[in-house]
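*Asks:* Note that my numbering has the sequence shown beginning at 401, numbered continuously upward.
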Amino acid sequence: MLTGTLLGGYADDVFEILFRLGARKMIEHGFEHGEGVRPFLETYGLLETITTIEPAENACSEAKVTRRVRRRPGASPLLFGDFLMPFAAFLSLEDIAHALPAYREEVVRVEMDQRLEQAYGELEEAIKKALKEHRGNASVISVGMNALLLYPDRPFGLGTLYGSEINPDTGRRERFVIAEPEDLDEGVLYAKERRLVEEIKSSLSRGRKSHVFAVYTRTRDVTRRLERILQREGIRVAVLTSDVKPELREEWYDRQSRQGVQVVIGHPKLVSLGLDLLEYPDLFFWETGYSLYTLRQASRRSWRIGQTQEVTVKYFAYAQTAQETCLRLMGRKLLVALAMEGKFSTEGLQAVGEDDDLLMAMARELVTEKGIGENAELVWRSIQQQNEAFAHVVPVPIDPEPEAPPEDIAIPHQPPPAIVDQLQLFGAPLDAAAARKRIAHRSVPAIMPADKQLGLF
Numbered sequence: 401m402l403t404g405t406l407l408g409g410y411a412d413d414v415f416e417i418l419f420r421l422g423a424r425k426m427i428e429h430g431f432e433h434g435e436g437v438r439p440f441l442e443t444y445g446l447l448e449t450i451t452t453i454e455p456a457e458n459a460c461s462e463a464k465v466t467r468r469v470r471r472r473p474g475a476s477p478l479l480f481g482d483f484l485m486p487f488a489a490f491l492s493l494e495d496i497a498h499a500l501p502a503y504r505e506e507v508v509r510v511e512m513d514q515r516l517e518q519a520y521g522e523l524e525e526a527i528k529k530a531l532k533e534h535r536g537n538a539s540v541i542s543v544g545m546n547a548l549l550l551y552p553d554r555p556f557g558l559g560t561l562y563g564s565e566i567n568p569d570t571g572r573r574e575r576f577v578i579a580e581p582e583d584l585d586e587g588v589l590y591a592k593e594r595r596l597v598e599e600i601k602s603s604l605s606r607g608r609k610s611h612v613f614a615v616y617t618r619t620r621d622v623t624r625r626l627e628r629i630l631q632r633e634g635i636r637v638a639v640l641t642s643d644v645k646p647e648l649r650e651e652w653y654d655r656q657s658r659q660g661v662q663v664v665i666g667h668p669k670l671v672s673l674g675l676d677l678l679e680y681p682d683l684f685f686w687e688t689g690y691s692l693y694t695l696r697q698a699s700r701r702s703w704r705i706g707q708t709q710e711v712t713v714k715y716f717a718y719a720q721t722a723q724e725t726c727l728r729l730m731g732r733k734l735l736v737a738l739a740m741e742g743k744f745s746t747e748g749l750q751a752v753g754e755d756d757d758l759l760m761a762m763a764r765e766l767v768t769e770k771g772i773g774e775n776a777e778l779v780w781r782s783i784q785q786q787n788e789a790f791a792h793v794v795p796v797p798i799d800p801e802p803e804a805p806p807e808d809i810a811i812p813h814q815p816p817p818a819i820v821d822q823l824q825l826f827g828a829p830l831d832a833a834a835a836r837k838r839i840a841h842r843s844v845p846a847i848m849p850a851d852k853q854l855g856l857f
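So, in structure tokens, the structure goes:
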């Protein structure tokens with residue numbers, strides 16, 4: 401079994417794979433495939449139970465209590481010990497390609513222009529008010545947080561933001577206004593755009609092509625604006641869209657290269673699988689989105705076997721905005737995923753259980769003002785340090801010891817003693833830890849010999 405990205409931040413990401421690789425062991429641990437992932441999540445993942453108590457309407461009625469359970473990012477270290485360690489061999493490019501050039505990731509924090517900062521602050525306050533008034537409303541969270549991510553990059557044309565909820569009197573879903581973002585001047589070149597132009601010009605001056613990733617590419621498209629800005633600077637640009645079929649995208653890139661294109665703009669999902677972008681050693685994430693799978697795949701498209709130039713990945717975000725919050729939470733999810741692949745760090749283990757899904761976590765931080773002053777650059781600096789620790793580790797050749805003559809080799813009559821007498825798990829014997837498992841082990845029928853099995857047809 402070969403997979404590129406094993407874990408996306410949640411324990412149940414490996415549930416189906418583990419049943420494919422070792423159904424016997426899963427059954428021994430008390431899991432059944434037909435029962436779903438809930439028991440597996442209860443044992444190895446993180447579940448959050450939210451209890452809502454609504455006051456009684458009158459003296460004759462009881463308070464209404466509702467409970468909601470949802471999964472959160474993170475996985476127990478037991479998952480690594482029980483399943484991944486004996487089943488998986490984690491190989492990365494650092495392990496099999498020591499001649500690869502350096503790989504560097506960094507966060508580019510940009511301070512907003514004063515006019516944009518004022519308009520963003522007003523929008524943020526309106527959305528924060530709506531989140532408090534319509535607590536737990538999914539439409540407010542989705543519309544509001546996406547607006548805060550998009551508005552700094554496109555502070556015009558958003559229109560009135562609406563949410564919806566069910567009216568208890570009529571039983572029908574009704575719309576309400578969340579916020580009305582102010583339309584700023586579309587002709588102004590804003591701070592983040594100016595910084596992107598500077599970075600691309602710097603790359604081109606060193607003979608390096610660039611690839612820009614943006615996730616808002618449909619109704620409120622930002623890629624065409626970036627294309628116009630770069631073209632005004634005399635840069636040859638091409639935009640990759642979903643109209644180009646996956647099987648034709650490699651040919652599309654070859655054609656752009658022959659035409660002298662210097663910068664390509666596109667959604668990271670369009671290149672996340674099956675493409676090698678060796679001609680584009682500088683990758684700029686104008687926006688990251690929420691998918692850790694897509695981010696990890698797209699950010700390594702240039703750092704492949706055959707690359708001869710140093711690869712630089714830069715994540716752009718306006719400081720003290722939802723963009724930076726999103727980038728920080730994505731970094732923490734990545735640290736959790738790396739921990740499950742054997743690349744442990746203090747920050748990664750500490751991040752387990754801190755955040756749930758990104759939009760919900762961003763909304764919570766906005767309302768509670770938790771996380772103010774924290775910056776994404778520190779989290780991604782930790783990831784860069786891990787990358788450097790695992791990169792360019794050249795194996796040291798060991799001189800083989802001279803073989804003893806055959807007559808000097810003594811064959812023991814008894815098996816050699818075990819090197820490890822008893823494994824310890826967090827200070828407790830492993831068998832004791834297994835005895836504390838919530839789910840009792842089930843017996844697995846022995847496999848019949850091949851000559852005793854019935855034919856399939």
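Glycine residues also receive a C-beta, built at the ideal position from the N, C-alpha and C atoms.
Pick out the complete alpha helix (DSSP H) segments inside the segment 490 to 551, 4 residues or longer, and give them in chain order.
*Replies:* Runs of the alpha helix (DSSP H) inside the segment 490 to 551: 493 to 496, 514 to 533, 538 to 550.
*Asks:* Would you identify the three-state DSSP class for Tyr562, choosing helix, strand or coil?
*Replies:* Position 162 of the sequence shown, counting from 1, holds the residue named residue 562. Tyr562 falls in the strand class under three-state DSSP.
*Asks:* Decide if His429 is buried, meaning its Cβ has at least 16 other Cβ atoms within 10 Å, or exposed.
*Replies:* Within the sequence shown, numbered from 1, the residue matching residue 429 stands at position 29. Per the 10 Å Cβ criterion, buried.
*Asks:* Residue ranges of each beta strand (DSSP E) run of no fewer than 3 residues wholly in the segment 664 to 730, ordered along the chain?
*Replies:* The qualifying runs are 682 to 685, 711 to 718.
*Asks:* With respect to the alpha helix (DSSP H) encompassing Thr623, which residues constitute its N-terminal and C-terminal limits?
*Replies:* Counted from its first residue, the sequence shown places residue 623 at position 223. 623 to 632 is the span of the alpha helix (DSSP H), which, as asked, contains Thr623.
*Asks:* Would DSSP call Gln659 helix, strand or coil?
*Replies:* On the sequence shown, residue 659 is found 259 positions in, with the first residue counted as 1. Of the three classes helix, strand and coil, the one that applies to Gln659 here is coil, per DSSP.
*Asks:* Among the residues of its own chain, which have a CB less than 6 Å from the CB of Val510, if the five just before and after it don't count?
*Replies:* Numbered from its first residue, the sequence shown carries residue 510 at position 110. Cβ neighbours of Val510 beyond the five flanking positions: Ala591, Lys592, Arg595, Tyr718.
*Asks:* What are the start and end residues of the beta strand (DSSP E) that includes Leu447?
*Replies:* As a working mapping, residue 447 is identified with position 47 in the sequence shown. Taken as a continuous stretch (DSSP letters only), the beta strand (DSSP E) holding Leu447 covers 446 to 454.
*Asks:* If we call anything under 7 Å between Cβ atoms a contact, is Val644 one with Ile665?
*Replies:* Residue numbering aside, residue 644 sits at position 244 when the sequence shown is read from its first letter. Residue numbering aside, residue 665 sits at position 265 when the sequence shown is read from its first letter. Going by C-beta atoms, Val644 is not nearer than 7 Å to Ile665.
*Asks:* What residue from Val540, Glu517, Ala411, Arg700 has the CA that sits closest to Pro477's CA?
*Replies:* Here the question's residue 477 lines up with position 77 in the sequence shown. When only C-alpha atoms are compared, the closest one is Ala411.
*Asks:* Per DSSP, what kind of secondary structure is Ile635 in: helix, strand or coil?
*Replies:* If you number the sequence shown from 1, residue 635 lands on position 235. Correct three-state label for Ile635: coil.
*Asks:* Taking only the alpha-carbon atoms, compute the straight-line gap between Tyr503 and His611 and give it to the nearest angstrom.
*Replies:* Along the sequence shown, one-based indexing puts residue 503 at 103. Along the sequence shown, one-based indexing puts residue 611 at 211. Answer to the nearest angstrom: the Cα atoms are 15 Å apart.
*Asks:* Does the segment 472 to 491 come close enough to the segment 414 to 421 to have 3 or more Cβ pairs within less than 8 Å?
*Replies:* These segments touch.
*Asks:* Smallest Cα separation from Glu574: which of Leu418, Val540, Glu517?
*Replies:* One-based indexing of the sequence shown puts residue 574 at position 174. Measuring from the Cα of Glu574, the nearest candidate turns out to be Val540.
*Asks:* Hey, quick one: how far does the beta strand (DSSP E) through Glu574 stretch, first residue to last?
*Replies:* Position 174 of the sequence shown, counting from 1, holds the residue named residue 574. Unbroken beta strand (DSSP E) run through Glu574: 573 to 579.
*Asks:* Out of Val661, Arg535, Asp553, which has the shortest C-alpha to C-alpha gap to Ser564?
*Replies:* The residue labelled residue 564 in the question sits at position 164 within the sequence shown. When only C-alpha atoms are compared, the closest one is Arg535.
*Asks:* CA-CA distance, Ala530 and Ile427?
*Replies:* Sequence index remark: in the sequence shown, residue 530 carries index 130 (1-based). Sequence index remark: in the sequence shown, residue 427 carries index 27 (1-based). Near 47 Å, if we compare the C-alpha coordinates of Ile427 and Ala530.
*Asks:* Tell me the DSSP secondary structure of Tyr410 in three-state form.
*Replies:* Locating residue 410 in the sequence shown gives position 10, counting from the first residue. Residue state, collapsed to three classes: strand.
*Asks:* So Asp682 packs on Thr712, CB below 8 Å; how close in whole Å?
*Replies:* Taking the sequence shown and counting its residues from 1, the one referred to as residue 682 is at position 282. Taking the sequence shown and counting its residues from 1, the one referred to as residue 712 is at position 312. Yes, they are in contact, since the Cβ atoms of Asp682 and Thr712 sit about 5 Å apart, within 8 Å.
*Asks:* By the three-class DSSP mapping on this structure, what secondary structure does Ser603 have?
*Replies:* For this step, residue 603 is matched to residue 203 along the sequence shown. Note: Ser603 maps to helix in three-state DSSP.
*Asks:* What span of residues does the alpha helix (DSSP H) with Lys464 cover, start to end?
*Replies:* For this step, residue 464 is matched to residue 64 along the sequence shown. That residue, Lys464, is in no alpha helix (DSSP H); its beta strand (DSSP E) goes 464 to 472.
*Asks:* Classify Leu640 as helix, strand or coil using the three-state DSSP reduction.
*Replies:* Locating residue 640 in the sequence shown gives position 240, where the first residue counts as 1. Leu640 falls in the strand class under three-state DSSP.
*Asks:* For the beta strand (DSSP E) containing Phe613, name the first residue and the last one.
*Replies:* Looking up residue 613 in the sequence shown gives position 213. Phe613 -> beta strand (DSSP E) spans 610 to 613.
*Asks:* Any idea if Thr694 is buried or exposed, counting beta-carbon neighbours within 10 angstroms, 16 or more meaning buried?
*Replies:* Stepping through the sequence shown from its first residue, residue 694 is reached at position 294. It counts as buried.
*Asks:* Lys645 lies in the alpha helix (DSSP H); which residues open and close that run?
*Replies:* Taking the first residue of the sequence shown as position 1, residue 645 is located at position 245. Taken as a continuous stretch (DSSP letters only), Lys645 belongs to no alpha helix (DSSP H), as it is neither H nor E.
*Asks:* Using CA atoms only, rank isn't needed, just tell me which of Phe576, Tyr520, Glu598 is closest to Leu584.
*Replies:* To locate residue 584, count along the sequence shown from 1; it is residue 184. That would be Tyr520, whose Cα lies nearest to the Cα of Leu584.
*Asks:* So which of Arg700, Gly689, Leu734, Gly706 has the shortest CA-CA distance to Ser542?
*Replies:* As a working mapping, residue 542 is identified with position 142 in the sequence shown. Measuring from the Cα of Ser542, the nearest candidate turns out to be Gly689.
*Asks:* Determine, using beta carbons only, whether Glu710 and Pro501 come nearer to each other than 7 Å.
*Replies:* One-based indexing of the sequence shown puts residue 710 at position 310. One-based indexing of the sequence shown puts residue 501 at position 101. In this structure, Pro501 lies closer than 7 Å to Glu710 by Cβ.
*Asks:* Assign Ile417 to one of three DSSP states: helix, strand, or coil.
*Replies:* The residue labelled residue 417 in the question sits at position 17 within the sequence shown. Ile417: helix per DSSP, three-state reduction.
*Asks:* Buried or exposed for Leu418, going by 16 or more other Cβ atoms inside 10 Å?
*Replies:* As a first step, residue 418 must be located in the sequence shown, where it is residue number 18. Buried, since its Cβ has 16 or more Cβ neighbours within 10 Å.
*Asks:* Identify whether His429 lies in helix, strand or coil by the three-state DSSP scheme.
*Replies:* As a first step, residue 429 must be located in the sequence shown, where it is residue number 29. Of the three classes helix, strand and coil, the one that applies to His429 here is coil, per DSSP.
*Asks:* Whole angstroms are fine: how far does the CA of Ala488 sit from the CA of Leu421?
*Replies:* As a position in the sequence shown, residue 421 is number 21, starting the count at 1. As a position in the sequence shown, residue 488 is number 88, starting the count at 1. For Leu421 and Ala488, the distance between alpha carbons rounds to 10 Å.
*Asks:* Quick check: the Cα distance between Met730 and Thr641, rounded to an integer number of angstroms?
*Replies:* Counted from its first residue, the sequence shown places residue 730 at position 330. Counted from its first residue, the sequence shown places residue 641 at position 241. Using only the alpha carbons, I get a separation of about 25 Å.
*Asks:* Glu448 to Arg470, Cα distance in whole Å?
*Replies:* Against the sequence shown, residue 448 aligns to sequence position 48. Against the sequence shown, residue 470 aligns to sequence position 70. Each residue's alpha carbon lies about 5 Å from the other.
*Asks:* So, for Val465: in the same chain, excluding its five sequence neighbours on each side, which residues have a beta-carbon less than 6 Å away from its beta-carbon?
*Replies:* Position 65 of the sequence shown, counted from the first residue, corresponds to residue 465. Excluding sequence neighbours, Val465 sits near Ile453.
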